[in-house]
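So the structure is just underneath, and the comments pick up after that.
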Amino acid sequence: MMNVIVAKTAGFCFGVKRAVDIVSERANETGRPIYTYGPIIHNETVVSDFESKGVRVIEENSDLSGLAPGVVIIRSHGVSKKVMDDLSTHGFEIVDATCPFVLKIHKIVQEYDNKGYHIVIVGNANHPEVEGIIGWIPSQKYDCITSAEEFFDLHIDPKTPVCIVSQTTFNYDKFQELVEIIKQKGYDICAKNTICSATEERQKEAVEIAGQVEAMIVIGGTNSSNSKKLFEIASANCKNTYFIQTVDDLDLSVLQSIDDVGITAGASTPNKIIEEVQKKCQK
Ligand code: SF4
Numbered sequence: 056m057m058n059v060i061v062a063k064t065a066g067f068c069f070g071v072k073r074a075v076d077i078v079s080e081r082a083n084e085t086g087r088p089i090y091t092y093g094p095i096i097h098n099e100t101v102v103s104d105f106e107s108k109g110v111r112v113i114e115e116n117s118d119l120s121g122l123a124p125g126v127v128i129i130r131s132h133g134v135s136k137k138v139m140d141d142l143s144t145h146g147f148e149i150v151d152a153t154c155p156f157v158l159k160i161h162k163i164v165q166e167y168d169n170k171g172y173h174i175v176i177v178g179n180a181n182h183p184e185v186e187g188i189i190g191w192i193p194s195q196k197y198d199c200i201t202s203a204e205e206f207f208d209l210h211i212d213p214k215t216p217v218c219i220v221s222q223t224t225f226n227y228d229k230f231q232e233l234v235e236i237i238k239q240k241g242y243d244i245c246a247k248n249t250i251c252s253a254t255e256e257r258q259k260e261a262v263e264i265a266g267q268v269e270a271m272i273v274i275g276g277t278n279s280s281n282s283k284k285l286f287e288i289a290s291a292n293c294k295n296t297y298f299i300q301t302v303d304d305l306d307l308s309v310l311q312s313i314d315d316v317g318i319t320a321g322a323s324t325p326n327k328i329i330e331e332v333q334k335k336c337q338k
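Under this note's numbering, read the sequence shown as residues 56 to 338, first letter to last.
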């Protein structure tokens, strides 16, 4: 039988668990519509389960005027100030499940923008978390990058004070490296490593496990940024790394001659899916 190592940090992080628990509690309320602003997590099973209990998803940036006012739960990624204001203006009660790690970034960008720093966000500009962060920069002067090269392409005057923050799920080592390269070129930067500790620990454990096994399985949603980063990290340390969304995607034939397999999962992967994958590997 295959020896299976499941990462202790696999699955729901505290921010996602908190948001999902809030929706579970509110889903039982009657009398008012309950919405989430965007899918509560990057997991279709969990979202459709909530939908069957009457929780509706408001598509991001959609017109709010046609919706019956009710309770809107903000997911752990957070939203921009404008979205918060629009929801209030349209009479929705806001339940804010934004992860405290993300709220911290909203505060940093407001504070440093007000102090005259140029804000640079290291991460994916199209990810909802980053869109939310951008929406808290009062001057709206900012740039998004994913590498030191992209920073230099911005041609920022080296005398301009720059505050660099990271998307919570960015690759920890890459962020540190990028900051070092920029500092060495003499830029006046204030770097805030805002990668959350849950992400950092999950990535470190993925490296450790991937280094000991012959094959690695990363479970996560295809839209999940932190799961994709985990796959990238695990692949760099174990060439037989597979990305799956559910147990149905797991092709055991590729693991036929494998004795040791590692499993990790992104922050929005329910435990049930991790257990199903583990059982299938141990059959
Ligand atoms: S990954 Fe980190 S920042 Fe995102 S919800 Fe989880 S704990 Fe919060």
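Every residue gets a Cβ at the ideal spot worked out from N, C-alpha and C, and that includes glycine. Predicted model, so just to flag it, every value in this text is computed and none were measured.
Nearest to residue i (by Cα), restricted to the options the options
{"i": "ILE60", "options": "LYS327, VAL316, VAL332", "result": "VAL316"}
{"i": "ARG81", "options": "GLY109, ILE96, ASN98, VAL101", "result": "GLY109"}
{"i": "PHE147", "options": "GLY190, ARG257, ILE128, GLY133", "result": "ILE128"}
{"i": "LYS283", "options": "ASN295, GLN239, ILE299, PHE206", "result": "ILE299"}
{"i": "VAL71", "options": "HIS132, LEU305, LYS247", "result": "HIS132"}
{"i": "PHE206", "options": "GLY241, ILE318, VAL75", "result": "GLY241"}
{"i": "THR224", "options": "GLU184, ARG73, PRO213, GLY276", "result": "GLU184"}
{"i": "ILE89", "options": "GLU99, ALA123, MET56", "result": "ALA123"}
{"i": "GLN222", "options": "GLY187, ILE211, ASP208", "result": "GLY187"}
{"i": "SER103", "options": "VAL75, GLY121, SER120, ASP118", "result": "VAL75"}
{"i": "VAL220", "options": "ASP208, LYS247, ALA152, GLU114", "result": "LYS247"}
Start and end residues, alpha helix (DSSP H) containing residue i
{"i": "VAL71", "result": "69 to 82"}
{"i": "PHE225", "result": "Careful: PHE225 lies outside any alpha helix (DSSP H) and carries neither H nor E."}
{"i": "GLY187", "result": "183 to 189"}
{"i": "ARG257", "result": "252 to 265"}
{"i": "ASN295", "result": "Neither: ASN295 is in no alpha helix (DSSP H) and is coded neither H nor E."}
{"i": "ASN58", "result": "Not the alpha helix (DSSP H): ASN58 falls in the beta strand (DSSP E), residues 58 to 61."}
{"i": "ASP104", "result": "99 to 107"}
{"i": "THR91", "result": "That residue, THR91, is in no alpha helix (DSSP H); its beta strand (DSSP E) goes 89 to 92."}
Spatial neighbours of residue i in its chain, beta-carbon cut-off 6 Å, leaving aside the 5 residues before and after
{"i": "VAL112", "result": "THR91, PRO94"}
{"i": "GLY66", "result": "ALA320, THR324, ASN326, ILE329"}
{"i": "ASN278", "result": "HIS97"}
{"i": "THR296", "result": "MET271, ALA289, SER290"}
{"i": "ALA322", "result": "CYS68, VAL71, ASN281"}
{"i": "THR64", "result": "GLU256, ARG257, GLU260"}
Backbone CA spacing between residue i and residue j [nearest angstrom]
{"i": "VAL150", "j": "LYS338", "result": "43 Å"}
{"i": "GLU260", "j": "LYS162", "result": "29 Å"}
{"i": "ASN116", "j": "VAL138", "result": "8 Å"}
{"i": "THR301", "j": "LEU307", "result": "13 Å"}
{"i": "VAL273", "j": "CYS199", "result": "27 Å"}
{"i": "VAL262", "j": "ALA289", "result": "6 Å"}
{"i": "SER194", "j": "ASP303", "result": "47 Å"}
{"i": "VAL217", "j": "ASN281", "result": "26 Å"}
{"i": "CYS293", "j": "LEU285", "result": "12 Å"}
{"i": "ILE189", "j": "LYS196", "result": "9 Å"}
{"i": "LYS229", "j": "GLN258", "result": "12 Å"}
{"i": "ASP141", "j": "GLU84", "result": "24 Å"}
{"i": "MET56", "j": "THR100", "result": "30 Å"}
{"i": "TYR167", "j": "TRP191", "result": "11 Å"}
{"i": "LYS136", "j": "HIS145", "result": "14 Å"}
{"i": "HIS182", "j": "GLN165", "result": "19 Å"}
{"i": "GLY121", "j": "ARG73", "result": "29 Å"}
{"i": "GLU114", "j": "VAL134", "result": "12 Å"}
Proximal residues to residue i (C-beta, below 8 Å), its chain only, five neighbours per side dropped
{"i": "GLU287", "result": "ASN226"}
{"i": "LYS214", "result": "ASP243"}
{"i": "CYS336", "result": "MET57, VAL59, ILE272, LEU305, LEU307, LEU310, VAL316, ILE318"}
{"i": "ALA62", "result": "ARG257, GLU260, ALA261, ILE264, GLY317, ILE318, THR319, ALA320"}
Neighbourhood of residue i by C-beta distance below 7 Å, restricted to the same chain and skipping five residues each side
{"i": "ARG87", "result": "GLY125, VAL126"}
{"i": "TYR172", "result": "PRO216, VAL217, CYS218, CYS245"}
{"i": "ILE236", "result": "ALA203"}
{"i": "LYS238", "result": "ILE244"}
{"i": "PHE105", "result": "VAL78, ALA82, ILE95"}
{"i": "LEU233", "result": "VAL177, SER202, ALA203"}
{"i": "ASN169", "result": "PRO193"}
Any non-hydrogen atom of the ligand PLP within 8 Å of residue i CB
{"i": "PHE69", "result": "The ligand PLP is absent from the structure shown, which contains only the ligand SF4."}
Delimiting residues of the beta strand (DSSP E) encompassing residue i
{"i": "VAL273", "result": "270 to 274"}
{"i": "TYR23", "result": "Residue 23 is absent from the model: the chain starts at 56 and stops at 338."}
{"i": "CYS199", "result": "197 to 200"}
{"i": "VAL150", "result": "148 to 151"}
At least 3 beta-carbon pairs within less than 8 Å: the stretch 153 to 173 vs the stretch 242 to 254: Touching, yes, given that three or more Cβ pairs across the two stretches are closer than 8 Å.
Assess, as a yes-or-no matter, whether the stretch 263 to 282 is touched by the stretch 308 to 315 under the definition of 3 or more beta carbon pairs within less than 8 Å. Counting C-beta pairs closer than 8 Å gives three or more between the stretch 308 to 315 and the stretch 263 to 282, which meets the contact rule.
message: Check whether the stretch 190 to 209 and the stretch 162 to 180 are in contact - that is, three or more C-beta pairs closer than 8 Å.
response: Because the criterion of three Cβ pairs below 8 Å is met, the stretch 190 to 209 and the stretch 162 to 180 touch.
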